[in-house]
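Chemist:
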Amino acid sequence: QLKLASFTANSKTYLVAGTPGVLVKLRRVDNAVVTGNRNILYSETTFASATSCVSSPSRQLDFKAPYNDDMATFLNNNVLNHGTDNIFTNAANGDGNNNNIERVDIIFTTGISSALPADMGFILCERGNNNAHDGFRIAAILSKNGSNDPTSFGAVKICVAGNGSNNGSWGHPSIANGNKQLAAYVLRKDAADPYLRVSSNVNQELGGVFFSLTDLGVAANQIIYGYSLIGPDGIANPSSAQLLNTGDAAIYPTGTTEAGGGGLDLISINTFYGTNQALASSMVSSFHGNTHYSDAILSWDLSGVANGTRIQLQRSADAVSFSPIHSYMFNGNNSGYFLDHPDKGRFYYRLQIETVARAFVFSQVIPLEFVTGERAFKVYPTIVQPGSTLTIENIPQGLYTAVLRNGSSAMVFRTIFNARNGSAMIRIPGKKLASGIYYLVFEKDGSTLLGSERIVISQ
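In my numbering, the protein residues as written are 2 to 460.
#1: Please classify Arg-198 as buried or exposed, where buried requires at least 16 other C-beta atoms within 10 Å of its C-beta.
#2: Round the Cβ separation of Gly-172 and Val-210 to the nearest angstrom and send it over; I've been treating them as touching at under 8 Å.
#3: Taking DSSP as the reference, what is the three-state secondary structure of Gly-346?
#4: Measure from the alpha carbon of Leu-230 to the alpha carbon of each residue in Arg-39, Thr-416, Phe-89, Tyr-439, then state which is nearest.
#5: I'd like the ranges of any beta strand (DSSP E) spanning at least 3 consecutive residues and lying wholly in the region 231–289.
#6: Could you tell me the alpha carbon to alpha carbon distance between Phe-361 and Ile-427, rounded to whole angstroms?
#7: Near Ser-50, which residues of its chain fall below 7 Å by C-beta distance, leaving aside the five closest residues on each side in sequence?
#8: Relative to the C-alpha of Val-285, which residue among Thr-255, Gly-232, Ser-317, Val-366 is closest?
#9: For Asp-120, does the three-state DSSP call read helix, strand or coil?
#10: Could you tell me the distance, in whole angstroms, from the CA atom of Gln-223 to the CA atom of Ser-115?
#11: Using only the alpha-carbon positions, how far apart do Ile-259 and Leu-42 sit?
#12: Are the beta-carbon atoms belonging to Tyr-381 and Thr-392 less than 8 Å from one another?
#13: With distances taken Cα to Cα, identify the nearest neighbour of Ala-92 among Asp-120, Asp-31, Gln-315, Arg-311.
#14: Identify, in the order they occur along the chain, each residue of the same chain with its Cβ nearer than 7 Å to the Cβ of Ala-156, setting aside the five sequence neighbours on each side.
#15: For a quick check, are the C-beta atoms of Asp-302 and Ser-324 less than 8 Å apart?
#16: Could you tell me the distance, in whole angstroms, from the CA atom of Tyr-196 to the CA atom of Ile-107?
#17: Determine the burial state of Ile-417: buried for a count of at least 16 other Cβ atoms within 10 Å of its Cβ, exposed for fewer.
#18: Using the beta-carbon count (16 or more within 10 Å), is Thr-74 buried or exposed?
#19: As a quick exercise: from Val-105, Ala-177, Gln-182, pick the residue whose alpha carbon is nearest that of Gly-129.
#20: Measure the alpha-carbon distance for Phe-64 versus Gly-305 and round it to whole angstroms.
#21: Opposite Arg-29 in the DSSP bridges: which residues?
#22: Excluding the five sequence neighbours on either side, which residues of its own chain have a C-beta within less than 8 Å of the C-beta of Ser-213, listed in chain order?
#23: In three-state DSSP terms, what is Ala-73?
#24: First and last residue of the beta strand (DSSP E) that includes Ala-140?
#25: The beta strand (DSSP E) with Trp-301 in it runs from where to where?
#26: For Asn-238, collect the residues of the same chain with a Cβ closer than 7 Å to its Cβ; drop the 5 residues on either side in sequence, then sort them by chain order.
#27: Counting only the same chain and skipping the five closest in sequence on each side, list residues whose C-beta sits under 6 Å from that of Glu-370.
#28: Distance check for Asn-149 and Asp-70, CA to CA, integer angstroms please.
Given below as structure tokens:
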């Protein structure tokens, strides 16, 4: 699966800012052609080209994405090589790929905001032909109810069909500049069908268009709850109240054809992006990371953070999907520190700050490379009781500082020792050390040396 980690628009590079609590809701209105829960998807095949479909039931088609026959969950990701087909088309498609979807809501349930709204926003991607990507309209969701349904919208903005070479809105890089042609099959499942079935084949490329928060009319630090997409037809500039009524055919025509603007093949819609400047929130004064063999040493300083704010350190193997590795509630200490022990390879780190108002802000993303090899020194035993003596071997001669930190990165013990003949011994405190996991770090001449050792203290 191809995941969108970053892109460039208007000479700025945008990185993944997060997908906190995203819901995708398809607002269906039955029309003369389609009723019920029809799902139309496309998926990239493992074949070099998506040739015309073979009618024999013995023909097996292999795809790069796992099987999924629900459009809403199929859209709720930032994967580029599968998505939907003709999402706003109601009639006249020659392959029978007509939908009854009139609005798509992408809802960030906890709200999102930025102090730099011009540098944060959403990318919309589509599978299509160069110069022929489909138009749509978009509006920010300004408020929602307890069921996570929009209750008010910002002004409607327009994405013009086509790309910049013919005065459209879409960007469409060449294959030589990083684009990819997708060999894909379109799959359809009606309410009565047990599984998806193939309806057409396509060989097309990717296009994208970026809407910043400023483009959507969102002010600095204004909390919104995602955005909604509608087709390009219907009356111009509908109001917030009109957008809420999907049953109003003047706003949401139920006879939209593919040629009339309904052919959007939508992908990669659920992710919030920002520049490094925007991601380096004013709440994060600094965020640093260093590697020592298989250890990551991460430190940060915060500013203007209220007590009760949750701070979370997150790690990712692909700069897209982040998982928490350390979390704590802010209690007035602006400095943080953590030692991580990932596998070998390249990993990405960031801070997520969940404010008391339940909005999310993020730090910049730090990439760290963990080299093959092992630390030269050895520490034993590593499962001890308070007051135990630790032996250090294979450490160069010299004067060192040993620092013991707890699972919250706070320093609980510090001592200076002299290594002679490649070894040394230190004694950890006999009191005030609770049972748990600690990390032992060695420093020499003001710099952290070699790495760390995990110490388990049990009473």
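Idealized CB from N, CA, C, for every residue including glycine.
Modeler: Let me spell this out:
#1: exposed
#2: 7 Å
#3: strand
#4: Phe-89
#5: 273–275
#6: 43 Å
#7: Ala-184, Asn-204
#8: Val-366
#9: helix
#10: 7 Å
#11: Before going further, note that residue 259 is Glu rather than Ile in the sequence given. Cα-Cα distance, rounded: 16 Å.
#12: yes
#13: Asp-31
#14: Ala-140, Gly-218
#15: no
#16: 26 Å
#17: exposed
#18: exposed
#19: Gln-182
#20: 49 Å
#21: Ile-102
#22: Pro-118, Ala-119, Asp-120, Met-121, Gly-122
#23: helix
#24: 137–145
#25: 296–303
#26: Val-157
#27: Arg-347
#28: 23 Å
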